[in-house]
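What the sequence shown shows, in UniProt numbering, is residues 1 to 187, in sequence order. Beta carbons are placed, not taken as given, at the ideal position from N, Cα and C, and that holds for glycine.
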Amino acid sequence: MKVLARLDENERDDIIAALSGSDEGVEPAKRCAGMRRYLAALSATPGEAGRTMRRELIVNSFRAAIAPPSTSRSAAASVDGAHHGQFQPGLAVLEYPRAAAKERIEGEMILAITVDESGDATRITISGRKFNKYFATLSDGQHLSVEEMFDPMAINYYRSGKFMRRYKDGKPVSYQAQVPMVWSIKE
1 MKVLARLDEN
11 ERDDIIAALS
21 GSDEGVEPAK
31 RCAGMRRYLA
41 ALSATPGEAG
51 RTMRRELIVN
61 SFRAAIAPPS
71 TSRSAAASVD
81 GAHHGQFQPG
91 LAVLEYPRAA
101 AKERIEGEMI
111 LAITVDESGD
121 ATRITISGRK
131 FNKYFATLSD
141 GQHLSVEEMF
151 DPMAINYYRS
161 GKFMRRYKDG
171 KPVSYQAQVP
181 MVWSIKE
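Here is the structure:
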């Protein structure tokens with residue numbers, strides 16, 4: 001919000017429309033000019049907050065550019081803690097496993113994550129899980145367990161990103177994080 005406060009009201013409205021995806025009818029030249037002004041204001045934002053905001057904009061822009069086309073029935077995962085300043089997602093995309101979506105498997109899991117001094121996840125284990133079904137049946141009759149479908153997705157997602165660093169006496173320290181993940185299908 002502080003970045004947007006640096007811009008005049010018309011520029012602010014244009015940028016909010018662009019960031020929310022509601023600028024479909026806007027000329028590309030005007031859209032680019034607005035984003036240039038936003039990036040200039042973002043570049044002027046100092047410190048860790050500025051770096052985090054710039055990284056998030058770049059990562060989200062690339063994700064939007066390479067995102068696969070949406071299917072007729074959307075399946076999404078809800079991840080608690082991922083967007084509250086505790087974790088900055090990396091390049092791994094969190095996608096709902098197709099076999100699980102097809103069989104409407106939903107549930108929750110708790111990840112125990114060891115975070116090192118630089119904010120990287122060094123050890124990730126699943127400390128608990130509860131799903132409405134425990135396996136999906138594939139078209140060839142084989143079974144795929146929830147562990148095989150959801151665990152690698154969650155582990156790769158958190159391993160590719162960065163956690164907020166914690167400090168003790170002014171020095172970064174490693175710590176343990178308990179991260180709940182809720183997997184639900186949204187129609």
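Beta-carbon proximity of residue i to residue j, cut-off 8 Å
| i | j | result |
| --- | --- | --- |
| PRO97 | PHE131 | no |
| GLY47 | LYS162 | no |
| ALA121 | ILE110 | no |
| ILE126 | ARG159 | no |
| PRO180 | GLU106 | no |
| GLU103 | LYS133 | yes |
| GLU117 | SER43 | no |
| GLY128 | ARG165 | no |
| LEU138 | ALA99 | yes |
| THR52 | GLN88 | yes |
| ALA101 | ILE185 | yes |
Cross-strand partners of residue i (DSSP beta bridge)
| i | result |
| --- | --- |
| ALA121 | VAL115 |
| LEU144 | ALA136 |
| ILE110 | GLY128 and PRO180 |
| PRO172 | TYR167 |
Residue i, DSSP secondary structure in three states
| i | result |
| --- | --- |
| TYR96 | coil |
| THR71 | Residue confidence for THR71 is low, a pLDDT of 40 falling below 50, so the modelled location carries little weight and cannot support an answer. |
| LYS130 | strand |
| PHE87 | strand |
| ARG54 | helix |
| LYS162 | strand |
| LYS102 | helix |
| ILE185 | coil |
| PRO46 | coil |
| CYS32 | helix |
| ALA154 | helix |
| ALA41 | helix |
Test: residue i CB closer than 8 Å to a CB of chain B
| i | result |
| --- | --- |
| THR52 | Absence of chain B from the displayed structure is noted, only one protein chain being present. |
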